[in-house]
Amino acid sequence: MDCYKFLRTTTTQRYDLIFADPPYNDCIEEEWDNQWEDDNQYLDWLEKRIEVFSKSLTESGNLIMYCKRQFHHKIKIIMDKYLIEQRSIIWVRRRMMDVTRGKTLASGYEPILWYSKSEDYYFNSEQAKVPPKQHLQHRSEYQKGGRLEKGVGLTDAWTDISALPHNSKEKTIHPTQKPSKLSKRILKIFSEKGSRVFIPFAGSGSEILACIFLDRTWDATEINQNYCKLIKSRLKEAQKSIFSWLDNGEDKG
Ligand SMILES: C[S@@+](CC[C@H](N)C(=O)[O-])C[C@H]1O[C@@H](n2cnc3c(N)ncnc32)[C@H](O)[C@@H]1O
Numbered sequence: 023m024d025c026y027k028f029l030r031t032t033t034t035q036r037y038d039l040i041f042a043d044p045p046y047n048d049c050i051e052e053e054w055d056n057q058w059e060d061d062n063q064y065l066d067w068l069e070k071r072i073e074v075f076s077k078s079l080t081e082s083g084n085l086i087m088y089c090k091r092q093f094h095h096k097i098k099i100i101m102d103k104y105l106i107e108q109r110s111i112i113w114v115r116r117r118m119m120d121v122t123r124g125k126t127l128a129s130g131y132e133p134i135l136w137y138s139k140s141e142d143y144y145f146n147s148e149q150a151k152v153p154p155k156q157h158l159q160h161r162s163e164y165q166k167g168g169r170l171e172k173g174v175g176l177t178d179a180w181t182d183i184s185a186l187p188h189n190s191k192e193k194t195i196h197p198t199q200k201p202s203k204l205s206k207r208i209l210k211i212f213s214e215k216g217s218r219v220f221i222p223f224a225g226s227g228s229e230i231l232a233c234i235f236l237d238r239t240w241d242a243t244e245i246n247q248n249y250c251k252l253i254k255s256r257l258k259e260a261q262k263s264i265f266s267w268l269d270n271g272e273d274k275g
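Residue numbers for the sequence shown follow my numbering, so the first one is 23 and each next one is one higher.
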């Protein structure tokens with residue numbers, strides 16, 4: 023189902039986090055990424071959805087949205103009309119998304135926009151930490167529980183999670199599937215356990231699975247029936263592994 027239609031006609035729910043990975047426009051050779059005659063038509067389509075996303079957030083809610091590098095500034099201008107900008111996170115994917123031709127640099131990153139409904143937004147600073155570099159781990163304050171005990175602050179340039187290689191165990195047929203590690207990081211920082219998350223462009227279901235593993239409640243939409251089937255089968259598999267964790271008494275973290 024179209025996410026716009028779902029939010030306008032099917033639910034009155036407000037969400038603590040909207041976690042959006044919309045079509046990039048003319049990046050992937052699939053119908054869903056080539057629905058528009060030109061860039062302006064794409065941006066109008068996206069604006070309609072951003073507006074309804076902004077109305078569907080709780081007062082402390084966040085909107086996280088991936089976008090194609092070429093549209094970064096234009097999408098920010100649209101988002102500024104409806105929400106408050108917090109940061110553009112630069113995800114250094116390591117694997118290129120678009121083929122680079124001619125006299126230019128290869129593209130190695132993807133922007134992730136973080137906007138909030140108000141200045142009273144949810145942000146878990148304890149989760150926005152990474153282990154210190156190896157040489158720091160030997161410093162006494164790290165070992166004794168000083169300032170560095172739980173790690174060092176994560177910056178807005180994420181270089182430690184790469185895009186999925188084709189031979190990755192978690193890779194599905196979806197061409198723009200995001201790594202589960204990335205989805206989990208975003209959920210842990212921008213939402214809390216038990217909060218409500220909306221995933222408007224579910225794709226292969228990566229963000230849904232991360233919600234299940236991390237105990238967030240979720241609603242999701244996806245227009246492509248093949249991907250809906252894929253999501254269902256991934257959910258079945260996930261259920262099996264959750265039951266085996268429970269049987270073994272393991273933590274899902
Ligand atoms: C960039 S992909 C999302 C990939 C996803 N994050 C993952 O990790 O698998 C965008 C998805 O949005 C879906 N889509 C396109 N237009 C949509 C709409 N109006 N409402 C809901 N889903 C839509 C496409 O079919 C595509 O699977």
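Just so you know, even glycine gets a beta-carbon here, dropped at the ideal spot from N, CA and C.
{"Item": "Give the list of continuous beta strand (DSSP E) stretches no shorter than 3 residues that lie fully inside the segment 96-144.", "Value": "106-114, 131-138"}
{"Item": "Give the single residue among Ile195, Leu209, His188, Lys151 whose Cα lies nearest to the Cα of aspartate 182.", "Value": "Lys151"}
{"Item": "Looking at the unbroken alpha helix (DSSP H) that takes in aspartate 61, where does it start and where does it end?", "Value": "61-77"}
{"Item": "Name, in chain order, the residues that DSSP records as bridge partners for glycine 175.", "Value": "Lys151"}
{"Item": "Check this for me: beta carbons of threonine 80 and tyrosine 137, under 8 Å apart or not?", "Value": "no"}
{"Item": "Work out the CA separation of aspartate 237 and lysine 215 for me, nearest whole Å.", "Value": "6 Å"}
{"Item": "Quick check: what's the CA-CA separation for glutamate 259 versus isoleucine 221?", "Value": "20 Å"}
{"Item": "For my contact list, glycine 225 and threonine 198 are in at a C-beta cut-off of 8 Å; report their separation, rounded to the angstrom.", "Value": "7 Å"}
{"Item": "Just curious, the alpha helix (DSSP H) that phenylalanine 212 is in, first and last residue?", "Value": "202-212"}
{"Item": "Quick one: give me the first and last residue of the alpha helix (DSSP H) that isoleucine 234 is part of.", "Value": "228-235"}
{"Item": "Give the range of the beta strand (DSSP E) segment to which tryptophan 58 is assigned.", "Value": "Where tryptophan 58 is concerned, there is no enclosing beta strand (DSSP E), given that its DSSP letter is neither H nor E."}
{"Item": "Quick one: grab the DSSP three-state call for leucine 186.", "Value": "coil"}
{"Item": "Please name the residue or residues paired with leucine 39 in a DSSP beta bridge.", "Value": "Asn84, Val219"}
{"Item": "According to DSSP, is alanine 224 helix, strand or coil?", "Value": "coil"}
{"Item": "What are the boundary residues of the beta strand (DSSP E) that includes aspartate 48?", "Value": "Careful: aspartate 48 lies outside any beta strand (DSSP E) and carries neither H nor E."}
{"Item": "Say the cut is 7 Å; is the CB of histidine 196 nearer than that to a heavy atom of ligand 1?", "Value": "yes"}
{"Item": "Should threonine 33 go down as buried or exposed, given a rule of 16 or more other Cβ atoms within 10 Å for buried?", "Value": "exposed"}
{"Item": "Could you have a look at threonine 243 and say whether DSSP puts it in helix, strand or coil?", "Value": "coil"}
{"Item": "Note down, in chain order, each residue of its chain lying with its Cβ closer than 7 Å to the Cβ of tyrosine 14, except the 5 sequence neighbours on either side.", "Value": "Residue 14 lies beyond the stretch modelled for the chain, which goes from 23 to 275, so this question has no answer here."}
{"Item": "Anyone know if the C-beta pair for aspartate 24 and isoleucine 245 falls short of 8 Å?", "Value": "yes"}
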